[in-house]
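Worksheet: one structure, shown below.
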Amino acid sequence: MAVFSAKGITLRRLSGLGVGQPQLKAWGPLDLTGEGLVLLNAKGQITEINAQALRFLNCILPDLTGRDFWDAVPPEIVNEHQSSTGRALASSAQHVFVVHNKFEGAWLEYAFRTYPSGYIVTLRDVTVAQKLQVMLDDSERRNRLIFEVNPNAMWIFDLVSLRILAVNRAAVDFYGISQSIFLNLAVGALFPDGEGAALLACVSGAAGQLLEPQLCKQKKNDGQLVLVELAFGRLVWDEHQAVLVSLADVTERHLADRGLRRENAELELELSKQRLELQNTKRDLEAFTYALSNDLQAPLHAANGFAAMLTDKYAAVLDAPGRHYVSRIQASTHQLAKLVDDLRTLVQLPTVSLSGGVEKVDVTALCAALIDDLRAKDPGRVVTVEMETSLSLNADKRLVTTALACLLENAWKFTSKKLDGWIKVSLTASLSARKTPGELVLQVSDNGTGFDDAYSDKLFRAFQRLHSAADFAGNGLGLAIVKRVAERHGGRVWAETSPTGASFFMAFPQAQT
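Letter 26 of the sequence shown, counting from 1, is numbered 6 in the working numbering, and no numbers are missing.
Okay, here's the thing in structure tokens:
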């Protein structure tokens, strides 16, 4: 017989049926509790048992008659728990252990309690609770592992005592403090003298509320002070109300931000200077435009008027050289007046606003009127003009008129040495070499002299001429004006040449109107 003692009472495992054994009976009302209940006498014999206990022990009532309680328990449980239970009950009024049935995947709790005439054993299925506990333990192990291997420096301190409870490897490396020393520190030791009190008081008073990350200084083991960002989270750690602290070293970022702020300040100062220079340039440009519009026009009108008077009133007394000189004066004043007009147009274009000025422009009608003006000025010319009857685009009408005038005058001028001049105006939605979605391209082509393609980059610059004034009159501003008009619309210009002439292109982005 195996023996264990409880409060001086010897319980014996019986090897067989005994004489004078108590009559066993089931407790009907106790079957409703869901727990197994077994009453043992002082000798450890079962006196009463309910149906749930029979199910837990996988026994039927007659099998337990006159048996010691441990005879009803599987041998492996007896071997593991009988002796420890006897020792526990010898010094305590109760003892509890849990057994795992691996085959059934269930946990059964055995709870022993003493009472005056023996013992009460409660059997309870704790499978759900044990599974939850296993999951909780697994989760805690994972969380501890994540804490330990996290690359961010992290530590945990007790919310009441402010003692450090745990620290990960990254924090040990960051502070240069060994783990054993770290765990003997109060959290205030990580702050420069007196600087952490207010922050810790704020964390302690947060009462579970999420605290925003805080910028502060931390003190390393070598005395170095670093700027860090601390993030906080409340948790329970080893049954302590605690705070998890995650640290990010922002020293380099702070220095970079400070450098960036300094650079921004310097840039703002430079921009202010440039804005001032731009304002001065704008005022100078306005003064120049005023001079072109007023101060230069008056002398030109006077010179041209006097030349006309000489021609009208003194034609009879002027010989051929005199009349030639007067015509030269008139031609020069006309040329200078044209230059002044073109200069005024060129300098005013950057300040022209397109706001509300974009509309559907009838390009065909504009070109027809401009060609009529050119024919009227030069009636002896034979020039064929090709143009579709319906060409239109969305643009500023006044600016497009200015650009078309320059392009058509340019084509008219450079076909002047041809017996049969030819000019073509067209619009296309795309060009294979320079296709850009959403653009309309205005093209003006002619069979004139063309140009050297090596100098095509100079065509649209102000005062750049690829032909001498003796061959073709002009001031070198027409194509520069064309370029400015295209740019004011957000477009672009280019030119192409061939042995048979030249083509000039203006691309206009087309917004819906």
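All C-beta atoms in this analysis are idealised placements derived from N, C-alpha and C, irrespective of residue type, glycine included.
Residue i to residue j, Cα distance in whole Å?
i: E366; j: D426; result: 10 Å
i: A356; j: A349; result: 11 Å
i: G176; j: Y155; result: 16 Å
i: I351; j: L399; result: 18 Å
i: V79; j: E89; result: 6 Å
i: E28; j: L112; result: 33 Å
i: D117; j: E84; result: 21 Å
i: L179; j: V167; result: 11 Å
i: V129; j: A150; result: 8 Å
i: P2; j: D218; result: Note on P2: pLDDT 41, under 50, position unreliable in the model; no value is reported.
i: I57; j: R67; result: 16 Å
i: L170; j: N201; result: 9 Å
i: P54; j: C39; result: 11 Å
Quick one: grab the DSSP three-state call for residue i.
i: G481; result: strand
i: R93; result: strand
i: V114; result: helix
i: D202; result: coil
i: L298; result: coil
i: Q62; result: helix
i: E15; result: coil
i: D433; result: helix
i: D400; result: coil
i: E368; result: coil
i: Q259; result: helix
i: A487; result: strand
For the beta strand (DSSP E) containing residue i, list its first residue and its last residue.
i: E419; result: 419 to 426
i: H75; result: 74 to 81
i: Q221; result: 220 to 229
i: A146; result: 144 to 147
i: F36; result: Segment 31 to 37 is the alpha helix (DSSP H) holding F36; no beta strand (DSSP E) there.
i: F49; result: Element bounds for F49: n/a, residue is neither H nor E.
i: D173; result: Careful: D173 lies outside any beta strand (DSSP E) and carries neither H nor E.
i: A442; result: Per DSSP, A442 belongs to no beta strand (DSSP E) and is neither H nor E.
I need the boundaries of the alpha helix (DSSP H) containing residue i, first residue and last residue.
i: L191; result: L191 -> no alpha helix (DSSP H), and no H or E assigned at all.
i: W392; result: 377 to 394
i: Y99; result: Careful: Y99 lies outside any alpha helix (DSSP H), inside the beta strand (DSSP E) at 98 to 105.
i: L179; result: 177 to 184
i: A161; result: The sequence shown places Ile at residue 161, not Ala. From DSSP, the alpha helix (DSSP H) with I161 extends over 159 to 162.
i: V462; result: 458 to 468
i: K357; result: 343 to 357
Hey, residue i and residue j: beta-carbon distance below 8 Å or not?
i: G430; j: A345; result: no
i: V230; j: V216; result: no
i: F36; j: L103; result: yes
i: A22; j: G98; result: yes
i: F488; j: L387; result: no
i: V362; j: G302; result: no
i: W473; j: F440; result: Reading off the sequence, residue 473 comes out as Val, not Trp. A contact, by the Cβ cut-off of 8 Å.
i: V498; j: R214; result: This structure cannot settle anything about residue 498, because the visible part of the chain is limited to -19 through 493.
If we count the other Cβ atoms within 10 Å of its Cβ and call it buried at 16 or more, is residue i buried or exposed?
i: Y435; result: exposed
i: S412; result: Annotation note: pLDDT 48 at S412 (below 50); position unreliable, coordinate value reported separately. The residue is exposed, with fewer than 16 neighbouring Cβ atoms inside 10 Å.
i: A228; result: exposed
i: Q198; result: buried
i: M486; result: buried
i: E243; result: exposed
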